[in-house]
Ligand SMILES: Nc1nc2c(ncn2[C@@H]2O[C@H](COP(=O)(O)OP(=O)(O)OP(=O)(O)O)[C@@H](O)[C@H]2O)c(=O)[nH]1
Ligand SMILES: [Mg+2]
């Protein structure tokens with residue numbers, strides 16, 4: 056996992072400022088807010104550091120790390136191979152949904168799952184062809200209909216055909232944008248009902264993709280999708296050395312995977328310990 060630019064910034068921050076006076080803690084809050092931790096977390100972390108009075112950079116960073124521990128969660132998505140699971144992949148346009156689905160298809164296929172891709176982004180013209188290309192490259196079956204068709208019907212088809220063929224994991228691509236936000240959320244609620252009626256709750260996961268570069272926007276996106284249909288896990292994409300990642304601590308939904316590039320291999324199961332250390336610049 057790439058080392059965060061933010062962590063390095065935090066480390067050097069202490070180095071410059073030996074005097075832990077009031078302005079140190081104000082500036083620390085600012086640095087944390089710039090790192091997308093949010094005002095509430097920034098205040099809590101800064102107060103904790105203040106009460107513990109660190110003397111060295113090492114002590115300072117490990118305090119920040121400790122303060123973050125309760126705020127960052129990870130989850131491992133392990134589908135039951137004996138049953139059919141449905142992973143509904145959500146997110147606003149351009150965050151990396153389709154790419155993450157392709158990466159997951161390879162990841163689970165390599166672990167002997169029988170993976171099906173459901174092309175339920177029927178809104179954007181090129182979306183189905185993009186998924187079709189990934190289906191060919193990863194050797195996974197795709198269920199698709201024509202552009203503009205009902206996404207719920209695509210998923211319904213995917214579920215019935217996967218059940219008939221004994222396949223065990225459906226990855227559903229969804230639209231990131233529609234005429235407006237309300238339309239998108241209504242569509243997702245319809246899809247949610249279709250899946251819920253056919254798949255056991257433990258086998259159905261709603262996964263939000265967020266772009267690590269967008270920071271604060273990712274937090275409001277998570278709120279929006281969580282309110283509309285609820286979320287089980289996050290995928291953090293574009294997590295390169297320049298991205299911050301503090302948004303994860305604010306969102307509070309467990310992270311399952313991290314994307315670090317455009318290739319299928321640039322995809323990792325979330326490593327919480329490593330993430331906390333890199334966030335805190337250790
Ligand atoms: N560097 C980097 N680029 C990524 C990552 N994931 C996706 N991308 C790139 O981000 C761009 C958008 O990715 P898509 O997978 O098409 O995003 P999407 O959410 O499906 O977009 P829409 O279908 O338009 O809503 C593409 O150029 C991807 O190659 C990642 O983890 N790292
Ligand atoms: Mg897409």
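Numbering (my numbering), first residue to last: 56 to 337.
Think of the CB as a built atom: it goes at the ideal place given N, C-alpha and C, for glycine as much as any other residue.
In this text the structure is predicted, and so the values were computed from the model without any measurement.
query: Check whether the Cβ atoms of residue 350 and residue 228 lie closer than 8 Å to each other.; result: Since the first residue of the chain shown is 56 and the last is 337, residue 350 is not available in this structure.
query: Are the stretch 152-169 and the stretch 227-246 in contact at 8 Å, needing three or more beta carbon pairs?; result: yes
query: Which residue spans inside the stretch 154-233 form an unbroken beta strand (DSSP E) run of at least 3?; result: 170-175, 196-198 and 224-229
query: If residue 323 sits next to residue 313, beta carbons under 8 Å apart, how far is it from one beta carbon to the other, in whole angstroms?; result: 5 Å
query: Please look up how many angstroms separate the CB atoms of residue 289 and residue 306, rounded, as I've assumed it's under 8 Å.; result: 7 Å
query: When burial is assigned at 16 or more other CB atoms within 10 Å of the CB, is residue 256 buried or exposed?; result: exposed
query: Can you have a look at residue 189 and say buried or exposed, based on whether 16 or more other CB atoms are within 10 angstroms of its CB?; result: buried
query: Look at the alpha carbon of residue 145 and the alpha carbon of residue 108, and state the distance between them as a whole number of angstroms.; result: 42 Å
query: If contact is defined by three or more beta carbon pairs under 8 Å, each pair taking one atom from either stretch, is the stretch 216-224 in contact with the stretch 129-147?; result: yes
query: Tell me the rounded alpha-carbon separation between residue 281 and residue 273.; result: 12 Å
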